[in-house]
Amino acid sequence: METTGTVPRRTAERVRDTLERLVTERDVWLSTAHPEHGPHQVPLWFSWDGRAMWMCTGAASVTARNVREEPRVRLALPDTFDVVLLQGEAVCFPDDEVPAATAEAFAGKFGWDPRAEEASQVYVRVVPRTVRAWRGVPELRGRVVMRDGAWLA
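Under numbering that gives the first Met the number 0, the first residue of the sequence shown carries the number 0, and numbering increases by one thereafter.
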């Protein structure tokens with residue numbers, strides 16, 4: 000991995016790049032935890048609506064169970080050089096209670112509509128409270144680009 004010669008981006012550039020990735024990326028790692036069962040991490044597809052990340056999983060899944068018990072979660076886009084980490088609280092929406100525009104956007108992005116599945120699904124919404132973004136060691140300083148739900152400039 001080449002990190003020498005990397006010119007650190009300003010915060011506004013990191014925010015712009017992060018928002019672009021949230022629109023264009025497909026996969027995210029969602030980390031949850033349960034007070035009795037411990038941590039759990041799973042890759043999921045996601046859709047970004049401009050304010051929140053929306054994922055979908057089985058209503059009876061470990062992920063759904065954990066979110067109901069402990070809503071604080073962490074998410075990571077799957078690139079170890081161009082890192083984007085998000086932290087927030089998750090809320091589960093049964094597939095018959097998710098906002099129609101959200102479900103349509105999700106189905107449009109992936110060609111899969113969880114509402115049509117035989118087994119019950121839940122949409123998991125995470126509004127980030129903290130976002131960190133950096134490319135390699137030169138950008139470790141200043142990696143926080145959202146604090147308390149507000150993008151930094």
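Backbone N, C-alpha and C define an ideal beta-carbon position, used for all residues, glycine too.
Please classify G37 as buried or exposed, where buried requires at least 16 other C-beta atoms within 10 Å of its C-beta.
exposed
Would C55 and W47 qualify as a contact pair, given that the criterion is a beta-carbon distance under 9 Å?
no
Residues bridged to H39 [DSSP beta-bridge criterion]:
T31
The beta strand (DSSP E) enclosing R166, as first and last residue numbers
Outside the shown range of the chain, which is 0 to 152, sits residue 166, and nothing can be said about it.
Contact between the stretch 106 to 120 and the stretch 52 to 72: three or more CB pairs below 8 Å?
yes
For the alpha helix (DSSP H) that V143 lies in, which residues bound it at each end?
V143 -> not in any alpha helix (DSSP H); beta strand (DSSP E) instead, spanning 143 to 146.
In chain order, what residues of the same chain lie with their CB nearer than 6 Å to the CB of V22, ignoring the 5 residues before and after it?
W47
Using 10 angstroms around the beta-carbon of T17, count the other beta-carbons present and answer buried if the total reaches 16, otherwise exposed.
buried
Does the beta-carbon distance from L139 to L74 come in below 9 Å?
no
Within the continuous beta strand (DSSP E) that includes D81, where are the two ends?
81 to 93
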